[in-house]
Amino acid sequence: MSYITVTDLGKTFTVRKKREKGGPGREKTLVRALSQVSFQVEKGELVGCIGPNGAGKSTTVKILSGILVPDEGSATVDGRVPWKERREHVRRIGVVFGQRTQLWWDVPIIDSFRLLKEIYLVPGPAFEKRLSELTEALELGGLLRTPLRLMSLGQRMRAELCGSLLHSPELLFLDEPTIGLDAPSKLALRDFLRRENREKGTTILLTTHDMEDIAALCPRVMVLGHGRKLYDGALTGLLSRYDTLRIAHVRYADGARPPALPPDCALSREGDTWQILYHPAQTPTAGLLTLLQSAGAIQELTLQGQNVDHLIAAMYEEMAL
Amino acid sequence: MRTLKLYLHSMGMLLRAHTQYRASFALQTLAQLVMEGGEMMAVLLVVNRFERLGHWSGGNLLFFFGVMSLTFYLTEFLGRGVTGAFPSMVRSGQLDTLLVRPRGLMTQVLCAEIDPRRIGCLAVGLTALILGSRASGIRWTLPKALALLEAVGLGTLLTLGLFLIECVLCVYTVRSIEMVNALTYGGRSACQYPVDIYPRPLRILFTAVAPYALVLHVPAAWILDKPLWNWPAWTAFVTPLAGPLVFLVMRGAFGVAMRHYRSTGS
């Protein structure tokens with residue numbers, strides 16, 4: 002049996018909405034947050050979970066961390082049912098919610114950490130060792146006496162991570178961990194997570210909207226939409242299905258313009274640079290280059306794929322999300 | 253034991269957090285002192301105007317007031333997680349963060365907040381208790397002291413239990429249910445006075461539903477040597493058990509409610 006086994010998981014929420022003006026009472030609608038989701042995760046894997054807002058990512062994390070009870074299906078983590086053996090289960094997991102803090106707002110973070118030690122009953126020496134490890138890796142040394150409320154978002158996220166790893170969990174859930182972070186903070190955070198996964202063997206399941214997170218971290222990606230699992234596999238496999246468009250930029254030495262191009266190519270001009278969108282499946286790149294060369298001496302040429310965000314947007318569109 | 257250690261550790265840290273905002277803390281404590289002092293003045297006025305209420309003398313009334321104040325504000329002081337913070341914990345999603353920790357949920361909710369501003373109210377309550385005891389000429393004995401301790405201690409459990417009704421409803425509705433305040437804050441206001449001055453429906457309410465009469469008034473009346481409804485002495489020690497009973501029932505209901513907890517936001 003796999004470390005995490007999820008079978009036909011389903012969860013429905015009842016949403017009560019006030020009726021429009023004049024209507025009596027309230028309207029009840031059932032929202033299927035998850036339906037028939039199944040997957041397995043092995044120990045030591047690093048899995049990314051993407052999907053548009055309301056796709057069921059957070060619901061999945063909440064069920065697997067024992068916060069919510071599902072309506073259908075089953076889930077076990079290391080042989081335990083999270084919502085039935087909550088205490089035994091959560092002792093071994095760490096959860097970071099990108100949008101809410103788990104530390105105490107007004108006290109220095111070291112005080113929060115010491116209280117977490119008490120909550121998780123971490124023995125003294127193990128705690129000190131782990132704390133010094135984490136403060137070094139997350140560069141928190143100088144911040145330990147600073148109250149959380151005085152920290153920047155990036156510092157706060159590092160403190161949150163430290164707090165959720167103090168008890169050395171085997172499994173770490175990250176719900177949008179890089180939300181709102183600046184570029185250096187994101188890079189440092191990814192670097193840390195990769196090391197934590199590789200060196201400690203921590204299994205990590207992360208949900209995100211940031212495709213860079215997935216590209217940088219996760220060999221495996223799951224796509225959720227409308228509460229269903231739509232894809233589960235390597236990121237490259239996912240992208241190749243939607244990665245059908247290439248962009249060429251070309252600049253001629255003598256100010257020449259490109260010749261007539263096949264109908265699937267779209268031409269536009271930015272200053273003296275021409276941009277061509279084309280589909281390699283229909284117009285092979287070599288053929289396009291021959292055409293472009295026929296118009297004059299090419300001074301500069303770049304070829305690029307589409308931005309990952311565009312691909313995902315195209316994918317969501319095709320899946321009717 | 254481990255739970256108590258965690259509770260004390262949490263309370264210590266929260267106290268330090270509260271002292272971060274000293275001016276605000278001082279002003280709010282003062283405001284509460286004035287408010288609760290005002291309530292005590294109201295009792296003194298009643299006493300002054302009528303001298304007695306039923307067979308209760310002015311000193312007796314002050315004593316009842318003190319017992320109630322002490323019980324209620326001790327609960328608010330130490331159990332703020334249940335008596336005030338819970339609805340916002342549900343709304344903000346803080347409850348989720350408690351659920352992913354390997355400790356009992358009720359323990360963690362109680363460990364999550366403290367309200368040291370209530371120290372002002374507690375001081376007023378204690379003053380009323382001492383003044384009332386003097387004016388009523390209570391001769392303190394060990395059983396009487398124990399009865400008082402038991403009443404106040406189990407009274408805090410009763411108060412926690414009543415506030416838990418709000419918590420349970422809040423799990424379903426997410427919004428706080430002010431209606432329940434009729435039992436909690438309403439109960440405090442009404443049961444500052446001994447229950448037998450009230451008409452029958454209220455007597456039933458505060459005996460069978462929110463049993464402050466059983467938990468506080470029966471032992472307090474016995475301590476004053478004027479047993480309520482002429483009940484025998486042993487009842488002063490037994491009827492306060494209604495407090496933990498209410499607490500346990502509501503704690504059970506809270507556990508059931510949490511199975512339907514649906515969390516908020518992402």
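Sequence lines, in order, name chains A and B.
Sequential numbering of the first sequence, starting at 2, is according to our numbering.
Sequential numbering of the second sequence, starting at 253, is according to our numbering.
Using N, Cα and C, we set each Cβ at its ideal position, and we do this for glycine too.
Within chain B, the residues R511 have their CB atoms less than 7 Å from the CB of A:V70, given in chain order. For B:S344, same chain residues with a beta-carbon under 6 Å away, outside a window of 5 residues either side, do not exist. CA-to-CA, the gap between B:L279 and B:R369 works out to about 9 Å. For the C-beta of A:Y121, the chain B residues within less than 8 Å are, from N- to C-terminus, R353, P354. In the structure shown, B:C443 falls within a coil segment according to DSSP collapsed to helix, strand and coil. Contact between the region 155-171 of chain A and the region 102-122 of chain A is present: 3 or more CB-CB pairs across the two stretches fall below 8 Å. DSSP, reduced to helix, strand and coil, places A:E28 within a strand of the structure shown.
Just so you know, the alpha carbons of A:R270 and A:P259 end up roughly 10 Å apart. Following the DSSP letters along the chain, one finds A:C219 in no beta strand (DSSP E), marked with neither H nor E. Rounded to whole angstroms, the Cβ separation of A:L167 and A:R131 is 6 Å, and the two are in contact under 8 Å. The continuous beta strand (DSSP E) containing A:Y253 extends over residues 247-253.
When the five nearest sequence neighbours on each side are left out, no beta carbon in the same chain lies closer than 6 Å to the beta carbon of B:D448. The beta carbon of A:D72 sits closer than 7 Å to the beta carbons of G11, K12, T13 from its chain, once the five residues preceding and following it are set aside; these are given in chain order. Rounded to the nearest whole angstrom, the CA to CA distance from A:T30 to A:P83 is 28 Å. A distance below 6 Å between beta-carbons, with the five flanking residues on each side excluded, links A:G297 to the following residues of its chain, in chain order: Y253, D255, A257. Between the C-alpha atoms of A:I51 and A:T77 there is a straight-line separation of about 21 Å. The beta carbon of B:V423 lies closer than 7 Å to those of V342, A509, M510, H512, Y513 in the same chain, with the five residues before and after it left out. In the displayed model, B:V501 falls within a helix according to three-state DSSP. Pairwise C-beta distances place the region 300-308 of chain A out of contact with the region 315-334 of chain B, as fewer than three of them are shorter than 8 Å.
For A:R191, not one C-beta of chain B is nearer than 9 Å to its own C-beta. At a Cβ-Cβ threshold of 9 Å, A:T136 and A:L122 do not count as neighbours. Bounds of the alpha helix (DSSP H) holding B:L330 are 310-330.
Ranked by Cα distance from A:G95, the first of A:D265, A:T204, A:V251, A:L278 is A:T204. The region 360-367 of chain B makes no contact with the region 398-411 of chain B: fewer than 3 CB pairs, one atom from each, lie closer than 8 Å.
The closest CA to that of A:P185, considering only A:S241, A:Q156, A:A282, is found on A:Q156. With a contact defined as Cβ atoms closer than 8 Å, A:G226 and A:P53 qualify at about 6 Å.
For A:M223, the beta-bridge partners assigned by DSSP are A:C50, A:D233. Per DSSP, reduced to three states, the secondary structure at B:P463 is coil, with no helix or strand assignment. For A:F128, the enclosing alpha helix (DSSP H) begins and ends at 125-138.
Residue range 309-319 is occupied by the alpha helix (DSSP H) that includes A:Y317. Note on geometry: alpha-carbon atoms of A:M320 and B:F506 lie some 41 Å from one another.
Per DSSP, B:T425 is one residue of the alpha helix (DSSP H) stretching across 394-425. The CB of A:V91 comes closer than 8 Å to the CB of L351, V352, R353, P354 in chain B, given here in chain order. The beta-carbon of B:H469 is placed no less than 9 Å from the nearest beta-carbon of chain A. A straight-line Cα-Cα distance of about 7 Å links A:Q37 and A:T8.
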